[in-house]
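Here our numbering is used: the first residue of the sequence shown is 502, the next is one more, and so on.
Okay, structure first, notes after.
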Amino acid sequence: MSNKLHELLAVEQERKNKANQALGEAKKTFTKNDPYFDGMVKHYVSLEENSDEIPDETKEMVTTVKKKLEDAMEFIIAGIDANVSKEETNSADVAKAELTIGNKKFGTFSATSLLALESNINRLKDLYNAIPTLDQTRKWEFDNKTNVYRTPEEVKFRTVKRPKVIVKYEATKEHPAQTELLNLDFQVGKYETVYTSGKVTSSQKSDMIARIDELLEAVKVARSKANSAEVKNTKVGKDIFEFIHKGILK
């Protein structure tokens, strides 16, 4: 971070632009590229000798919610820090309030800094609302080795239709056997499929958004406290007009 205000002002807009770009790109991925977060491996097992060989099907996961957020965080953090640093520098001698949630202390900020923080946090909430969640119709387990979710192996059988003669009535001395040719389903193999996903659970998403809401509420409380300082009445308006009008308007 720059040490002089003029140095900070020179880079602030660029950092804000990069933060906005990172926010927009991450949200677009969350909302428009849902398949990026899912993977799959389908393996075929034959149940008969000399049967058809069917190759495995795979779908690689492109990214995860965690990775996408981490990629964007660097730019978003730089943008927030530059924005709040400018506000704090410009309001160094004004009333401030401490931003706290429980035992967590974030620091002491001016009302204008807290207003800037609130705006940034609201944009974060918009991003987190767009996070995709796991398909609730499947059972998911977190794999600590790969840091993604996966399903237990799902098995579906492959069948083929084959003709088979069914004896409806056995032959007797008086009558020949009565038969019927039917096309029946025979199990010839099975598909073993494991699904993987880099999404988060619905409860994880809800918990993160709840924390953002808690943070927004704390910012509003702190901003209210910062704005409760005694007003320092300053009268300069009349002097300004007297300077502008002196000797011109009578």
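Heads up, the beta-carbon is just placed ideally off N, CA and C, and yes, glycines get one too.
Bear in mind that the values here come from a model prediction, so they are computed numbers and not experimental data.
From residue i to residue j, what distance separates their C-alpha atoms?
{"i": "K569", "j": "D636", "result": "19 Å"}
{"i": "M541", "j": "D553", "result": "22 Å"}
{"i": "T564", "j": "T634", "result": "14 Å"}
{"i": "S547", "j": "V656", "result": "13 Å"}
{"i": "K543", "j": "E693", "result": "6 Å"}
{"i": "L716", "j": "K626", "result": "10 Å"}
{"i": "L683", "j": "H676", "result": "22 Å"}
{"i": "E642", "j": "G699", "result": "12 Å"}
{"i": "A527", "j": "A631", "result": "9 Å"}
Using the rule of at least 16 other Cβ atoms within 10 Å of the residue's Cβ for burial, across every protein chain shown, is residue i buried or exposed?
{"i": "G580", "result": "buried"}
{"i": "T697", "result": "buried"}
{"i": "K567", "result": "exposed"}
{"i": "F687", "result": "exposed"}
{"i": "F538", "result": "buried"}
{"i": "R663", "result": "exposed"}
Quickly, what does DSSP pair residue i with across the bridge? List them, please.
{"i": "L683", "result": "K665"}
{"i": "E754", "result": "Nothing can be reported for residue 754, as the shown portion of the chain is limited to 502 through 751."}
{"i": "Q688", "result": "T660"}
So, for residue i: in the same chain, excluding its five sequence neighbours on each side, which residues have a beta-carbon less than 7 Å away from its beta-carbon?
{"i": "E589", "result": "F610, S611, S614"}
{"i": "A678", "result": "V668, Y670, E671, A672"}
Leaving out the 5 sequence neighbours to the left and right, which residues in its chain are closer than 8 Å to residue i when beta-carbon positions are compared?
{"i": "I713", "result": "I622, L625, K626, Y629"}
{"i": "G690", "result": "Y545, V546, S547, L548, E549, S552, D553, I555, F658, R659"}
{"i": "K519", "result": "F576, A579, G580"}
Spatial neighbours of residue i within its chain, please: C-beta separation below 6 Å, excluding the five flanking residues on both sides.
{"i": "D557", "result": "H544"}
{"i": "T680", "result": "V666, V668"}
Original post:
Could you give the uninterrupted runs of the beta strand (DSSP E) lying entirely in the stretch 538-586, keeping only those of 3 residues or more?
Top reply: 539-547, 558-560
Subject >> Length-filtered (3 minimum) beta strand (DSSP E) runs lying within the stretch 593-646 >> reply: Taken in chain order, the complete beta strand (DSSP E) segments of 3 or more residues contained in the stretch 593-646 are 597-602, 605-611, 642-644.
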